[in-house]
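First residue of the sequence shown: 4, per our numbering; consecutive thereafter.
Glycine included, every Cβ here is placed at the ideal spot set by N, Cα and C.
Worksheet: one structure, shown below.
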Amino acid sequence: MYYNLMGDIMDRIVMHIDVNNAFLSWTAIYLLNNGYKYDIRNSYAVIGGDEKSRTGIVLAKSTSAKKMGIQTGETLYSARKKCSVLKSYPPNYSFYIEMSNKLFKLLSKYTPDIEVASVDECYLEYTGVKKIYGDELEFAQKIKKEIFDELGFTVNIGIANNKLCAKMASDFEKPNRIHTLYSYEVEKKMYPLPVGELFGIGRMTAKKLNELGIKTINDLAHTDLYFLSHYFKNQAVIMINSAKGIDDSLVISDNEELKGIGNEITIDHDVSSKKELEQHLLYLADKVTRRLRNTNRYAFVVVLILKDKYFKRVTRQKKLKNATNVTDEIYKLSKQILEEMGEIEPVRLIGLRLGNLVEKTEHQISLFDDICVHEKDESLDKTVDSLKNKFGSGIIKKASLINVKHKDGLKK
């Protein structure tokens, strides 16, 4: 992770590497490796489920299939109507993970500061290694070629001064391209785009913005915060900052995550309700803060992790002014992070990670801090911990969690 709190944001360089049409490309490679005579990337092909199944949908499509009007997410039955010669291939998730691991292993030769966003995309913090590898555009060309030569598929690479703009840049013209979206390019390259193309703005949010007369990213960037807050509450400031290309989130590598304490929950169904997700967050906050207290540590950073059933991962983080191990404080901040994320895709995994750990904490004196309340909450949490340690975790449970069942994934 790269920290340069005193430096100019323009000095920071982040890359977003995104595999072009990953599921279809990787299936094509698997088939070719196993004796298939032609590359399905050059045919009318889709990746989907069982065509006889009523729930079979298109997960990925070739360029030829796209030209026939076939869309990701539509049923295979509907896609077949648009293209009678269409061929469907089942997803091979184990091979996708194998190819994903090969990609991230290749990139990790150059820097450990890689944040995996999903099975087919990642962020790479280039700032700290630029002095070793030189100009970022030349480096991007090098790794793009290396990925194709060694692994057999193409990628788009976005280069920017932060994660948000790097992600936006990689979504420009595809495939097999490198794009930049430096801070000084935002007005020219990003402002004219439809507001729905801004990363983090979902379909329903875009529809509401359009109804308010906000059609482009430029419109959103220049919208009055008070006006927007009336409709989107705390999310409004994040939306406007994103539209301006402002993002101070860090690239969180697996190495950095290992320095913290975390817990993940796999959910057996798609969850879109934030109220339901908040229940899971309360459970997670209770678990991770208990582990903090058992080791007499406190956390400055709270990271929320969401994944959908297609391995897409979204992470958001906030830093506390004062380190804490109080359950309620961590829970409230994680709820705030979730609220500010706005519209989200249905979730199958939710995780909470606490980072920047210290062994003791001193509260800054402030008119707005109630130190007595904090110490009382910490003391209460420790009392509950002792009861759970003696009689078992089920001895005391928050009322909102009584009917909530979880499948945990602990991380240290």
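Three-state secondary structure (DSSP) of residue i
| i | result |
| --- | --- |
| THR226 | coil |
| CYS168 | helix |
| GLY199 | helix |
| ILE340 | helix |
| ILE220 | helix |
| MET193 | coil |
| GLU267 | strand |
| ASP14 | helix |
| ASP250 | coil |
| ASN159 | strand |
| LYS418 | With the chain running from 4 to 415 in the structure shown, residue 418 is simply not present. |
| HIS377 | For HIS377, the predicted structure reports a pLDDT of 47, less than 50, and the residue's modelled location is therefore unreliable. A value from the coordinates is still provided. HIS377 falls in the helix class under three-state DSSP. |
| LEU413 | Low local confidence applies: a pLDDT of 47 at LEU413 is under 50, so the model's placement there is unreliable, with the coordinate-based value given in what follows. In this structure, LEU413 counts as strand in the three-state DSSP scheme. |
| VAL49 | strand |
| SER369 | Note on SER369: pLDDT 47, under 50, position unreliable in the model; no value is reported. |
| ILE20 | strand |
| THR114 | coil |
| TYR286 | helix |
| THR318 | strand |
| PHE175 | coil |
| LYS64 | strand |
| ASN299 | coil |
| ASP273 | strand |
| LYS312 | coil |
| ASN359 | strand |
| LEU35 | helix |
| VAL329 | coil |
Beta-carbon spacing of residue i, residue j below 7 Å
| i | j | result |
| --- | --- | --- |
| ILE50 | THR66 | no |
| GLU128 | VAL17 | yes |
| ARG351 | ILE255 | no |
| TYR99 | VAL122 | yes |
| ILE160 | ILE181 | yes |
| TYR187 | ASN221 | no |
| LEU355 | ASN297 | no |
| LEU253 | ALA302 | no |
| ILE268 | LEU309 | no |
| VAL22 | VAL132 | no |
| SER28 | PHE156 | yes |
| ASN244 | ARG15 | no |
| ALA63 | PHE26 | yes |
| THR208 | GLU348 | no |
| SER337 | LEU284 | yes |
| LEU212 | VAL198 | yes |
| TYR126 | HIS19 | yes |
| THR226 | ALA288 | no |
| THR318 | VAL306 | yes |
| ALA33 | ASN104 | The sequence given here has Tyr at residue 33, not Ala. Contact flag unset, no. |
| VAL304 | GLN320 | yes |
| LEU231 | ALA246 | no |
Cβ of residue i within 7 Å of any chain C Cβ
| i | result |
| --- | --- |
| SER67 | In the structure shown, chain C does not exist; there is a single protein chain. |
Rounded Cβ spacing between residue i and residue j (contact assumed at less than 8 Å)
| i | j | result |
| --- | --- | --- |
| ILE162 | GLU190 | About 17 Å; that fails the 8 Å criterion. |
| ARG417 | GLU200 | For the chain, the structure presents residues 4 to 415; residue 417 sits outside this window and is missing. |
| LEU357 | ILE264 | 5 Å |
| GLY59 | LEU89 | Not a contact, Cβ separation roughly 13 Å. |
Review point. Are the stretch 167-174 and the stretch 147-157 touching by the rule of at least three beta carbon pairs closer than 8 Å?
Key: Contact annotation: the stretch 167-174 does not touch the stretch 147-157, with fewer than three C-beta pairs closer than 8 Å.
Review point. Contact between the stretch 272-284 and the stretch 330-343: three or more CB pairs below 8 Å?
Key: At 8 Å Cβ cutoff, the stretches touch.
Practice item. Return the chain-ordered ranges of every alpha helix (DSSP H) run that is complete within the stretch 66-112 and spans a minimum of 4 residues. Key: Along the stretch 66-112, the alpha helix (DSSP H) occurs as fully enclosed runs of 4 or more residues at 66-70, 79-85, 96-110, listed in sequence order.
Check your understanding: Taking one C-beta from the stretch 234-245 and one from the stretch 105-113 each time, how about it: are there three or more such pairs within less than 8 Å?
Key -> At 8 Å Cβ cutoff, the stretches do not touch.
Exercise for review: Could I get the ranges of all uninterrupted beta strand (DSSP E) runs contained in the stretch 118-152, with 3 residues as the minimum, in chain order?
Suggested key: List check, beta strand (DSSP E) in window: 124-128.
Point to revise | Validate contact between the stretch 320-330 and the stretch 66-81 using beta carbons, cut 8 Å, 3 pairs | key: No: fewer than three Cβ pairs fall under 8 Å.
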